[in-house]
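Undergrad: Structure provided below as structure tokens; questions to follow.
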Amino acid sequence: MPDPCLTPAPPSPSPVPIPYPNTGMFIQAQKTATKVKFVGKEVVTKKSEISRSMGDEAGVNKGVMSGMNMGKVLFKKGSAKVKIQGQPCVHLTSMSGHNGANANMPAGAQVAPSQTKVIVSP
Numbered sequence: 014m015p016d017p018c019l020t021p022a023p024p025s026p027s028p029v030p031i032p033y034p035n036t037g038m039f040i041q042a043q044k045t046a047t048k049v050k051f052v053g054k055e056v057v058t059k060k061s062e063i064s065r066s067m068g069d070e071a072g073v074n075k076g077v078m079s080g081m082n083m084g085k086v087l088f089k090k091g092s093a094k095v096k097i098q099g100q101p102c103v104h105l106t107s108m109s110g111h112n113g114a115n116a117n118m119p120a121g122a123q124v125a126p127s128q129t130k131v132i133v134s135p
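Per the working numbering, the very first residue in the sequence shown carries number 14; after that it's consecutive.
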């Protein structure tokens, strides 16, 4: 889902809304499970977050609806079957919210596998 941000567009006197891709990198996840590891890496759970999303940097006048860009990525859903340290494990296709899960970027998803050794059931 694109992230519409207000972007300067000279010679226009006012910024124009442009949709940008908005992504987060699992390697930057914080609040991960520390007692369980997949392929030697800490596991991302529903309570994990990525402090800064990428892709909408050019929208310096912020998001059309949210008034922010490059906000954090939060995970809205995890596995209903696999819990890690009491939290649902994030898996391929888990729903996420970008820019703090606000209306500007309400629904994203984990669309690229972060590892291929451990497969987690939704």
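Idealized CB from N, CA, C, for every residue including glycine.
If you reduce the DSSP assignment to three classes, tell me which class Gln123 lands in.
TA: The residue you call residue 123 lines up with position 110 of the sequence shown. Three-state DSSP puts Gln123 in coil, outside helix and strand.
Undergrad: Is Ile97 buried or exposed, if buried means 16 or more other CB atoms sit within 10 Å of its CB?
TA: Counting from 1 along the sequence shown, the entry for residue 97 is found at position 84. Buried, by the Cβ-count rule.
Undergrad: Going by beta carbon distance, what residues of the same chain come within less than 7 Å of Ala122, once the five residues before and after it are set aside?
TA: In the sequence shown, residue 122 corresponds to position 109, counting from 1. The residues are Thr106, Ser107, Met108, Ser109.
Undergrad: Within its chain, find whatever has a CB closer than 7 Å to the CB of Glu55; leave out the 5 residues flanking it on each side and keep chain order.
TA: Within the sequence shown, the letter at position 42 stands for residue 55. Within the same chain, Cβ atoms closer than 7 Å to the Cβ of Glu55 are found at Thr45, Ala46, Thr47, the five residues on either side in sequence being excluded.
Undergrad: Taking buried to mean at least 16 other C-beta atoms within 10 Å of its own C-beta, is Val64 buried or exposed?
TA: Taking the sequence shown and counting its residues from 1, one reaches residue 64 at position 51. Checking the sequence, you will find Ser at residue 64 rather than Val. The residue is exposed, with fewer than 16 neighbouring Cβ atoms inside 10 Å.
Undergrad: Which parts of the stretch 26–54 are runs of the alpha helix (DSSP H), unbroken and 4 residues or longer, counting only runs that do not cross its ends?
TA: none
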